[in-house]
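Here the structure comes first, spelled out in structure tokens, and everything after it is commentary.
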Amino acid sequence: MTTSSNFSLWSVARHVLLIAGAIAMLLPFIWMISTASKPPSEIFSSELHLIPRQFALWDNLQTAFAKANLWRFLLNGVIVTVSIFVLQVLVALPAAYALAKLRFIGRNALFALVLFGLLIPPQATAIPVFLLLHKLGILDSYAAMVLPFTISVFGIFLMRQFFRNVPDDLVDAARMDGISEFGIVWRVMLPAAIPAVTAFGIFSVVAHWNDYFWPLIVLNSEHLRTPPLAVAHFRNAEAGTNYGALMAAAMVIIAPLLVAFLLAQRRFVEGIALTGIK
Amino acid sequence: MSDNAAAIGGIIAHPAARKEATPRRSRVSLTPYGLVAPALTLMAMMLFGPLIGVIALSFTDYQLGAPSLSWIGLGNYHEMFADRVFWIAVRNTLVYVGIVVPGAVTAGLLVALLIQSGTSLRGLYRTIYFLPVMATLIAMAVVWEFMLHPQFGLVNGLLREVGIAGPSWLQDRGTALYALCAIGIWQAAGFNMILFLAGLVSIPKQLYEAAEMDGASSAVARFRLVTWPLLRPVTTFVVVISGIRSFQVFDTVHVLTKGGPSKSSEVLIHTMYTEGFEFFRSGYGAALTVVFLGFILILTLVKARLADRGAQYA
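Chains as they are written, first to last, in the numbering used here: chain R, 169 to 446; chain F, 230 to 543.
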């Protein structure tokens with residue numbers, strides 16, 4: 169990096185190494201698309217080739233959509249992730265506002281509980297929450313998939329940190345205008361916190377769109393399956409007989425998030441990096 | 230996140246805005262409790278109640294659907310410690326964590342350093358390496374399964390080209406766990422890269438110039454003198470985060486191997502799932518959960534200690 173010849177040499181080496189790594193990262197995606205585009209005769213052949221001789225992507229997609237109700241599963245994914253996110257915001261924002269801007273007895277204790285809650289991994293509470301949902305008689309429903317996640321201590325924590333930096337003058341001015349505390353949450357704080365809410369939304373939607381553990385536990389009915397469950401069932405049902413359609417189904421399942429990611433990369437990286445804080 | 234940090238910094242610069250809103254406090258007195266009530270109720274129902282519940286349950290013989298339960302003290306723990314499968318699961322989980330954490334942390338660090346060492350195509354590389362983090366793991370696990378197919382898979386096909394007969398990766402008890410580790414590293418490396426990139430960006434440029442003036446002319450010397458020490462808090466943080474996430478490994482195991490063949494890829498959360506949700510032995514599953522929580526607790530304590538030490542440096 170000290171001299172220019174050194175610099176260009178290093179620059180070439182940097183790209184060679186990064187491209188080698190990038191190929192390793194992309195290989196599963198390339199192989200998925202390649203296999204989804206091949207007819208069975210080319211898939212079940214020991215001779216390697218990436219570009220299909222006979223392009224069969226359309227056939228495989230049709231088979232995938234015929235064998236599994238993929239539209240329904242995608243819709244389920246949207247219903248579950250959106251419901252979770254909306255309810256998380258409805259529950260977390262008022263609490264975060266109270267923790268950040270109001271004085272009341274027990275505030276510090278409550279915030280300590282929030283911090284403690286951050287440490288509890290979701291698998292730890294699975295058995296009792298399952299028993300609770302069983303008692304309530306709501307297993308195998310959208311409610312069973314949504315209810316346990318309506319509370320996000322991480323969401324409360326994140327919004328509370330953000331709200332602390334909203335000037336008190338803004339809150340006082342709203343009070344002068346006669347807006348209630350509840351109104352302040354939605355009409356003053358929410359608009360001020362859109363960047364934080366967006367980051368949290370991406371974090372939440374990605375986590376629950378990709379979640380496999382919880383839907384696996386609480387679901388039985390086929391029509392309620394979320395995308396990850398759908399892929400797993402498709403794989404078990406096909407038992408290695410129709411890889412083309414299976415890869416096509418996998419493509420369909422990962423497409424919505426990947427497209428959204430490619431369109432708004434910065435926001436996504438920010439949202440996912442939040443997992444690190446958690 | 231940089232946007233937020235900038236916004237936060239800008240607002241903190243106005244200390245006048247800090248004073249609490251005191252007037253009309255009497256009017257607000259009950260409102261805070263109304264605002265936190267839904268969150269508090271749900272926290273009790275879905276988080277702290279179940280946490281206490283899982284510990285209590287681990288001392289009972291409860292099975293889902295059983296009319297009653299009785300307190301059996303350490304009975305579940307005695308059964309667990311005498312069970313060969315439990316010890317295999319613990320060992321496999323530790324092997325998984327022991328391979329995936331160093332693998333994914335090193336890969337993430339190297340990629341971040343390489344990306345940051347030049348200026349061209351930074352965004353493109355970052356996107357590519359981040360893709361596995363975004364893609365639904367279950368779908369990609371199914372893709373990996375076909376890549377590792379003994380006969381028609383890409384991996385063995387490539388090995389055949391160079392004259393090596395590859396094993397039946399996921400169906401071979403000698404390789405199944407390591408194949409799952411490889412998938413784990415592939416998936417986690419990009420996430421760690423993002424955290425390292427954030428850490429690298431925050432290192433002041435002047436330090437590199439100062440090091441160069443002090444005679445650290447090679448890139449390696451500058452890495453040892455500046456990058457590595459300043460990146461240490463980030464590194465320990467990434468190690469602990471990766472550790473906690475690796476301890477939770479379940480998805481790939483459940484879809485690809487079900488812990489087999491002959492328990493060679495059985496891991497803790499998978500055992501807990503099988504006992505708790507397939508055999509509905511809630512009490513025994515709870516005891517397994519408590520062991521899992523113990524491991525997470527150790528990692529959390531390590532993180533807290535390291536965070537304290539990091540704060541001293543800063």
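Note that beta-carbon positions come from the ideal geometry of N, C-alpha and C, so glycine has one too.
Short of 8 Å from the beta carbon of F/Gly-302, and not among the five residues preceding or following it, lie these beta carbons of its own chain, in chain order: Phe-288. In chain order, Gln-380, Phe-381, Gly-386, Arg-389 make up the part of chain F whose C-beta sits under 8 Å from the C-beta of R/Ser-214. Taken in chain order, the unbroken stretches of alpha helix (DSSP H) that lie wholly in the region 409–444 of chain F and span 4 residues or more are 434–442.
As computed with DSSP, F/Trp-300 is found in a beta bridge with F/Thr-289.
Contact between R/Ala-417 and R/Leu-238 is confirmed by a C-beta separation of about 6 Å, below the 8 Å threshold. Neighbours of R/Thr-203 in chain F, taken as residues whose beta carbon is under 7 Å from its own, are Phe-375 in chain order.
Chain-order list of chain F residues neighbouring R/Ile-362: empty, with the shortest C-beta distance near 11 Å, by a criterion of under 9 Å.
Counting only the Cα atoms, F/Val-520 lies some 20 Å from F/Val-329. Taking all protein chains in view, the Cβ of F/Trp-373 is crowded by 16 or more other Cβ atoms within 10 Å, so the residue is classified as buried. Linking F/Ile-367 to R/Val-356 through their CA atoms gives a straight-line distance of about 40 Å. The Cβ of R/Gly-412 sits no closer than 8 Å to any Cβ of chain F. At least 8 Å separates the beta-carbon of R/Leu-216 from that of R/Ile-198.
When C-alpha distances from R/Val-248 are compared across R/Val-282, R/Pro-424, R/Tyr-310, the shortest belongs to R/Tyr-310.
Taking a cut-off of 8 Å on C-beta distances, the region 388–400 of chain R does not touch the region 315–334 of chain R, as fewer than three cross pairs fall below it. Interface with chain F (8 Å Cβ-Cβ cutoff): R/Ile-421 is included. According to the DSSP assignment, R/Ser-348 belongs to no alpha helix (DSSP H), since it is labelled neither H nor E. Contact with chain R is found for F/Asp-480, since one of that chain's Cβ atoms lies less than 8 Å from the residue's Cβ. Following the DSSP letters along the chain, one finds F/Thr-456 in no alpha helix (DSSP H), marked with neither H nor E. Within the region 175–201 of chain R, contact with chain F at the beta-carbon level (separation under 8 Å) is assigned to Trp-178, Ser-179, Arg-182, His-183, Leu-185, Leu-186, Gly-189, Ala-190, Ala-192, Met-193, Leu-194, Leu-195, Pro-196, Phe-197, Trp-199, Met-200. Inclusion of F/Asn-305 and F/Gly-512 in the CB contact set at 8 Å is warranted, their separation being smaller than that value.
Contact between the region 343–355 of chain F and the region 413–430 of chain F is present: 3 or more CB-CB pairs across the two stretches fall below 8 Å.
In this structure, the beta-carbon distance from R/Ala-413 to R/Lys-235 falls below 8 Å.
Taking a C-beta distance under 8 Å as the contact criterion, F/Thr-322 and F/Leu-409 do not qualify as a contact pair. The beta carbon of F/Ile-357 sits closer than 8 Å to some beta carbon of chain R. Membership of F/His-499 in the alpha helix (DSSP H) is indicated by the continuous run 497–502. Taking 8 Å as the cut-off, the Cβ atoms of F/Thr-518 and F/Val-283 count as close.
Within chain R, the residues placing a beta-carbon under 9 Å from that of F/Met-369 are Pro-196, Phe-197, Met-200, Ala-418, Ile-422, ordered along the chain. Shown in chain order are the members of the region 383–406 of chain R whose Cβ falls below 7 Å from a Cβ of chain F: Ile-385, Pro-395, Pro-396, Val-399, Ala-400, Arg-403.
For R/Asp-227, the uninterrupted alpha helix (DSSP H) segment begins and ends at 225–235. The beta carbon of F/Met-376 lies closer than 8 Å to those of Gly-382, Leu-383, Val-384 in the same chain, with the five residues before and after it left out. For the pair of segments examined, the region 351–358 of chain F was found not to touch the region 492–499 of chain F: the number of CB pairs separated by less than 8 Å stays below three. Per DSSP, reduced to three states, the secondary structure at R/Thr-293 is helical.
Rounded to whole angstroms, the separation of the alpha carbons of R/Tyr-411 and R/Ile-352 is 54 Å. Residues of the region 512–525 of chain F with a C-beta atom less than 8 Å from some C-beta of chain R are Gly-514, Ala-515, Thr-518, Phe-521, Leu-522, Ile-525, listed in chain order.
Inter-residue distance for R/Val-437 and F/Arg-351 is about 14 Å (C-alpha atoms, whole angstroms).
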